[in-house]
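Residue numbers (numbering that gives the first Met the number 0), protein chains in the order written: chain D, 0 to 319; chain F, 0 to 319; chain L, 0 to 319; chain C, 0 to 319; chain W, 0 to 319; chain U, 0 to 319. The C-beta atom is built at its ideal place from N, Cα and C for all residues, glycine as well.
6 protein chains.
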Amino acid sequence: MAHKFINQIEPGETIDDIYIVRDPILRSTTRGDLYIAMFLSDRSGQLNGRMWQATETIYKALPKPGFIHIQGRSELYQNNLQIIINNISVVDASEVHIDDFLARTDKDTKQMFEEVKKIVSRIENPQLKTLVEEFLADRELMEKFCDVPGGMKLHHSYIGGLLEHTHNMLRVAVAILPLFPQVQTDLVLAGIFLHDIGKTEELSYDMAFSYTDSGQLIGHVVKSILMINQKVDTLRAKSTQIEETVMDALGHIILSHHGQYEFGSPKLPATAEAFMVYYIDDLDAKISQVTVAIENEQSDSNWTAWKSALQTRLYKKRIE
Amino acid sequence: MAHKFINQIEPGETIDDIYIVRDPILRSTTRGDLYIAMFLSDRSGQLNGRMWQATETIYKALPKPGFIHIQGRSELYQNNLQIIINNISVVDASEVHIDDFLARTDKDTKQMFEEVKKIVSRIENPQLKTLVEEFLADRELMEKFCDVPGGMKLHHSYIGGLLEHTHNMLRVAVAILPLFPQVQTDLVLAGIFLHDIGKTEELSYDMAFSYTDSGQLIGHVVKSILMINQKVDTLRAKSTQIEETVMDALGHIILSHHGQYEFGSPKLPATAEAFMVYYIDDLDAKISQVTVAIENEQSDSNWTAWKSALQTRLYKKRIE
Amino acid sequence: MAHKFINQIEPGETIDDIYIVRDPILRSTTRGDLYIAMFLSDRSGQLNGRMWQATETIYKALPKPGFIHIQGRSELYQNNLQIIINNISVVDASEVHIDDFLARTDKDTKQMFEEVKKIVSRIENPQLKTLVEEFLADRELMEKFCDVPGGMKLHHSYIGGLLEHTHNMLRVAVAILPLFPQVQTDLVLAGIFLHDIGKTEELSYDMAFSYTDSGQLIGHVVKSILMINQKVDTLRAKSTQIEETVMDALGHIILSHHGQYEFGSPKLPATAEAFMVYYIDDLDAKISQVTVAIENEQSDSNWTAWKSALQTRLYKKRIE
Amino acid sequence: MAHKFINQIEPGETIDDIYIVRDPILRSTTRGDLYIAMFLSDRSGQLNGRMWQATETIYKALPKPGFIHIQGRSELYQNNLQIIINNISVVDASEVHIDDFLARTDKDTKQMFEEVKKIVSRIENPQLKTLVEEFLADRELMEKFCDVPGGMKLHHSYIGGLLEHTHNMLRVAVAILPLFPQVQTDLVLAGIFLHDIGKTEELSYDMAFSYTDSGQLIGHVVKSILMINQKVDTLRAKSTQIEETVMDALGHIILSHHGQYEFGSPKLPATAEAFMVYYIDDLDAKISQVTVAIENEQSDSNWTAWKSALQTRLYKKRIE
Amino acid sequence: MAHKFINQIEPGETIDDIYIVRDPILRSTTRGDLYIAMFLSDRSGQLNGRMWQATETIYKALPKPGFIHIQGRSELYQNNLQIIINNISVVDASEVHIDDFLARTDKDTKQMFEEVKKIVSRIENPQLKTLVEEFLADRELMEKFCDVPGGMKLHHSYIGGLLEHTHNMLRVAVAILPLFPQVQTDLVLAGIFLHDIGKTEELSYDMAFSYTDSGQLIGHVVKSILMINQKVDTLRAKSTQIEETVMDALGHIILSHHGQYEFGSPKLPATAEAFMVYYIDDLDAKISQVTVAIENEQSDSNWTAWKSALQTRLYKKRIE
Amino acid sequence: MAHKFINQIEPGETIDDIYIVRDPILRSTTRGDLYIAMFLSDRSGQLNGRMWQATETIYKALPKPGFIHIQGRSELYQNNLQIIINNISVVDASEVHIDDFLARTDKDTKQMFEEVKKIVSRIENPQLKTLVEEFLADRELMEKFCDVPGGMKLHHSYIGGLLEHTHNMLRVAVAILPLFPQVQTDLVLAGIFLHDIGKTEELSYDMAFSYTDSGQLIGHVVKSILMINQKVDTLRAKSTQIEETVMDALGHIILSHHGQYEFGSPKLPATAEAFMVYYIDDLDAKISQVTVAIENEQSDSNWTAWKSALQTRLYKKRIE
């Protein structure tokens, strides 16, 4: 049976489906009865849930957060939809269809990854070629690379987001590199492919998106560098040397791709290749951010809400 | 007879040619004789000049700056080349081959302008199309547009620099717009074509590059807006209306294309099109700046001098 | 019948008057009955309104926002006054006395405008004189100039605010110009008169204060410049030339009057006149802002709430 | 005999007058002869001086810096005027006419001080009145107040500069206070009178302008506060109490009159009076700075050199 | 009878004790009955209180804020504990045991103060020694010094906090001064002892922590300087001179100990001693801040909430 | 024969010794003779050298820079000492006593390193202990660690500087850790020991101090992380696991020890240990910087020159 998505529930429906429960709280009514307030979510959104006549036993059994199967009905309360729950049972993660719960790129992941591979196969420098192939050959890592979101909030924050972002950046690079003949193609392509690879370790995304401890303490910029060095060590163990000058030029692109110290770049761009990766990254991120913001705010106004990361509201009206 | 370029003069040559004189100073030697120290330049560079046995009359007759015909010889003094002048005569600007004196793009101006016209002819929105055509029909302005430098110092600071910069930006836009289907092509193309049009009034470049008074007081960003409005008024006088929404969307791109308040943008980008023009502008400018800096510093070091505008030195070594 | 102002309603009164309704929401009580929660406002303030036994039809008919005639009574709920509504009917804007709804300067608009005219009539430079008179002769614009608020939030944010602000700035200028004999009086007076003229196009104020689309995309600083250029074009069509040096000096004052890039000035002040207009503007704005903040916070504390625009709380106690 | 001012010396004159010597250096010519290079200055400017056939004894006897009587002649060397010295004798400071050596306001100090006294006599609040009179009665301090420069470099950097600046600020305040009826006149007048009083201890100006050690370690802002508190203590010893609320309101004006933390204000303005003193101070300083810069740069250009404190060049041309 | 601390109350207990009442509000139930909502607090925390069947008379008699004796019972409401009050009587501050109400250092105040005295007794410079002893002899001030909190919010914000902070800073100084032999011990010790002494006048802490008016207008940095100068004046009256060089070196440490202009330092550190006091202050403050934040957030997460003063979340997990 | 140090040469001495030659320039005198101007240096300082009657052959043979043996004499020229060279021969680096040429800590390197080892031997956490021992066992690296300067310019910029800085930081940590019982000693000690270990790869110091290419592209912060990870990999190859939580906590200290983004920290401190290492690092650096600046400026003034890195001049006078 198809999952009933949160954003498709109408008032007065009977609900019998699996959702993620978050932040359940045991409360007592003014009359002294216990009830549980909670949030129910899937990838389409989130609603309030209420289970009246609850017990502390039920409350304690709830995962915080986790998957639960609920039976109940939807109703309108103070103009907001909520779900009144009659029965709750805990569900194991292995039993759910994860795509119902995590937002996911609407592009074809497989096809994007094929194109990524095809584009980086243009790399001619033998050392960068070897290094990139070593990454591509790491099947477990590449699976993560295709799954991990591009970020927590600002842009590409959905399953497959990093791939989509990297894929589009590579396509932009391929389109404009002929216009900048002095820029070293191989470095730009390898730099884009690996610029955020550390996000596979910075972010966790099993049920919801969050930072790993390691991700918060170290950050994806340095994680990316560490992962590249690990691959170089592996190659060295196989008697394939990557020269330090190649490593440094590539590493510099990664370390400077946020472009400014205040965005956590430990280095400022000092090569044409580093500038190019920085601008392509920022361009793709900002266009995505603007597009999503405009799509998500369906009000009558010509303007979105204030976007503090951009220090402006965004204009939604098109000229035609 | 071909002009002898400053950067091709060897020690011990006889010099009989036209150069720009700058900052001449009348000095007396320890023995009391008067001489004139000056700078001599053409588009290829600048040297010290010395005229011994000078008089106050000669000094007063010199343009400050201006063109002079000199006769003399080159010599090495303290490891630097200088020119010892025997005769000086003032030359009218009309008699000189201006290309010998102003740095000029090494690209084909005519061909670039043809491509610019071809690219903006893709604009389909009738109002933007009309507006752009009104600019293209302004022959005098288009001549300036093809001549004016892209800036005073940082990038494209040579005759034809604005055209070269605009041309490359348009090519980048054409290359990447298909990858961002939500971005309005017509606004981006018109925005790029006109983003720095005000530089035709901000900069003067008859003999040397400098700011006009008006350019310094008003700035090219606002000048560009004023010029667009002037064209709209002209069109209105011909009964062709450009709607305010089109004008505002285009004007916003111009006003926000420096991206940050501290770079003199009175508005921050609030549309996808404004972000795109901002990034393409900055990308093309920075790549050009890095390329020129690396080309111009022919030392053995792998690094250029410190670039305060970029807050870093630039790395010159390539990976192959 | 005189309008019953929001801030004069006492608990237990019968209400039968016109107010602006904003953000109405249809809700259901715990028993399932529908009611409408809304805000009711006029120029003196805002209250909560509740209409019990509402229907979706009534809700849908409500303007969002707009004028409504309500019948009901006031009551105290949780120490806050609210209005219980029995009947609602929509009212056309043409039927209301707009002064009841928009905050308005408590100064005499007509008299202030006469004084403004008198002060700018001191301008002796024939070109600036002509230009200013062209503005004064634009009756429709001058009406807007007398009506438009000085800003959205920080200072003079009421009908007639721009006039009051401009008027006071001119009076300050007249008072201090004799103390700065090197400063060009005509430029300062014309600069003040026109410094925010673009706000007539940036702000809308029919029922409530808001930014126009064009205002947000272009901003009042550049709008002011454009309006001045339009007038110059009109004069030119009448064969009256305004020289570029005059235009640039005046334009520079407008473009730099926010004083710092981060406040959206595309230029920094580069003349004594530009500095003077900048300081007079900021002085009048800040004194107004402090005065209003202190007047509006009638608590027992010697301090207002934190003012983030000023990065401090304000001290209310006077020394006597 | 009238002093021969540095900026009035022509080439070929016989010199027999007193100047300040600075930075004398003993050098040897290529032939091994010793000579002394030095700077000679008075309030009108500075020239190079050379004493050929010098000895180490003469060199050691020179004050560094100090007053010397020289005999010699002026000559042109490399287009610059210099003075060739034949005889040097050291002169005691008591023997010189100090006005020849320190730049001095061209306004009438006595008259300005009388006007300052007259303006502050308007103060009605008995405590502020008493406090201000206690300062006025401190004859030694008032003499310094009339002498001390307004600053080291940026504005009013000449003898009598602080008085001139304070005087003009008071006149501005008197002119505009009637336009801001909510602002407490007494606090503004007392605040302006005392806002930079600490400069009498921060700066030394016996022969040249410099910071005192104490001035650099503590700064004039805090020095001013300390001097006010000292006066309050003196008054208290005479059984005249100044209430803490008056002291705090006045002290706050002093401590916040630089307006921003980065200019060394330990507090941001939190009262209308503090804002007014801050703006009047900044307005008078900037207008003075612009005027002096324009007067001092007599080149043909319409623009001064770059002013890093203002982050712009200044425009010198007037509109007629 | 021992005070029943807020954080030790369990649901269902009978309450008969003194608490601080804050922000009481008179509300009416939907049925029209009046009740009073309020906050009840002591040093251990805060709870909601409700008095049903209240009257306006009772409400008006309540201190806002102040001490009240209540009788009632605790109950769980919506998972939060609240207190239902049956009787209220106002209590005079003199009758309460103040330690029950103000958070207080858990260190031994007396012992810390003894150690402070012992450490500063190491000062050998006779003038600093005399000055410090003059402070120690001011019994009333020393009592405040032992009581005042170290700040309002960020660190050591409890009774005795300034003493605890000063004490720990002195111990750090004693521990590290031998490692920096070039640093003048006496200045560092006196500087630390007095660096925040002005907080005794900046903060009030009778029942709750708040800024005094004077504290907000002048700030503790300048207050500290003023207090030191007062002591110097007192000593001078007793014929004991403190030289200006000593005063300036000490004053500079106080004025620069926030280290940066944007934190309200009117001077930047210019001596080794000033740098040392700045770093020891900041180190002790930040470690305390981190420790308290981690202790106070007992959630399961490895991370605290976002700390805007530190621009990060804090990591709670230890490595063992 | 002992080296004659640059700062010990008196005028009129015969010179016959090895120095570093830098920036030699071939110049011609006014009479047309060729001479070579150059700088001569050793660890104690630098002087001008002149070789008259030079030839282009001699000039071309000179290393730029490198070691040369010169014969000549010292003389005073324009109050500055210079060396007149009669003979020059190039010297191989292997023949020089390197200590004569590179500034070197005046502390005992061996003893400091022993103390470092002793202090880090306090680490009890078995994983950190193993990791630190792995570093200590890397003899080649430890030699570099004892040699590398602490930085290029600001502080500890001499051979052995990093060791001296690390050693003093460890001593500070040992002294103050008992005062902060909540801080994890092992992390702080290991963090300090390794915080700048990457400088061994960032800086080169064979004859002069400079950045390596890799150092400039990657930076010592990230280099340190990479070196730690390399050691962890080596340990893993020996079947010794370092857990990720330990690595992350240590890595975070390294990555955040510059304290602020603008100083190139890719992470802000988020643990008490990270704050402690940051403050101890900055304290030791600043005290060293101030001390060196004051020692190096032996002028009569009480103040050093302006220090742009500290945004102040430094006060040199002591209170005794």
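Three-state class that DSSP yields for residue i in the structure shown
i, result
"K306 of chain D", "strand"
"T239 of chain F", "coil"
"R170 of chain F", "helix"
"I318 of chain U", "coil"
"T184 of chain W", "helix"
"R21 of chain L", "strand"
"R121 of chain W", "coil"
"K132 of chain D", "Here the sequence assigns Glu to residue 132 of chain D, which means Lys is not the residue at that position. It is helical."
is_contact[residue i, chain W] using C-beta, thresh 9 Å
i, result
"L202 of chain D", "no"
"R170 of chain U", "yes"
"K285 of chain U", "yes"
Interface partners of residue i on chain L, CB under 8 Å
i, result
"Q215 of chain W", "W302, R312, Y314"
Per-residue contacts from residue i into chain W (C-beta, under 8 Å)
i, result
"V289 of chain U", "T270, A271, F274"
Chain-ordered neighbours of residue i on chain U, where CB pairs are closer than 9 Å
i, result
"D324 of chain C", "Coverage of chain C is limited to positions 0 through 319, which leaves residue 324 of chain C absent and any answer about it impossible."
Residue i at chain U interface by Cβ criterion, 9 Å
i, result
"F192 of chain W", "no"
"T244 of chain W", "yes"
"N167 of chain W", "yes"
Closer than 9 Å to chain L by CB, residue i
i, result
"G250 of chain F", "yes"
Paired residues, beta bridge with residue i - DSSP
i, result
"Y210 of chain F", "F:L202"
Within chain C, the residues that residue i reaches when beta carbons sit closer than 8 Å
i, result
"G263 of chain W", "Y260, P265, K266"
is_contact[residue i, chain C] using C-beta, thresh 9 Å
i, result
"E319 of chain L", "yes"
Per-residue contacts from residue i into chain C (C-beta, under 7 Å)
i, result
"Q181 of chain L", "T290"
Neighbouring residues, chain L, relative to residue i (Cβ below 7 Å)
i, result
"Y278 of chain C", "Y278, D281, L282"
Cβ of residue i within 9 Å of any chain F Cβ
i, result
"D247 of chain L", "yes"
Closer than 8 Å at the beta carbon, the chain U residues around residue i
i, result
"N228 of chain D", "L225, N228, Q229"
Chain-ordered neighbours of residue i on chain U, where CB pairs are closer than 7 Å
i, result
"G65 of chain D", "Going along chain U, no residue has its Cβ under 7 Å from G65 of chain D, so there is no contact; the nearest lies around 24 Å."
Kindly confirm or deny that the stretch 285-294 of chain C and the stretch 305-314 of chain C touch, where touching means at least three C-beta pairs closer than 8 Å. yes
Taking contact to mean 3 or more Cβ pairs, one atom from each stretch, closer than 8 Å, check whether the stretch 227-236 of chain L and the stretch 159-170 of chain L are in contact. no
Please confirm if the stretch 212-225 of chain C is in contact with the stretch 116-134 of chain C, defined as three or more CB-CB distances below 8 Å between the two stretches. no
Given 8 Å, three or more beta-carbon pairs between the stretch 243-259 of chain F and the stretch 57-67 of chain F: no
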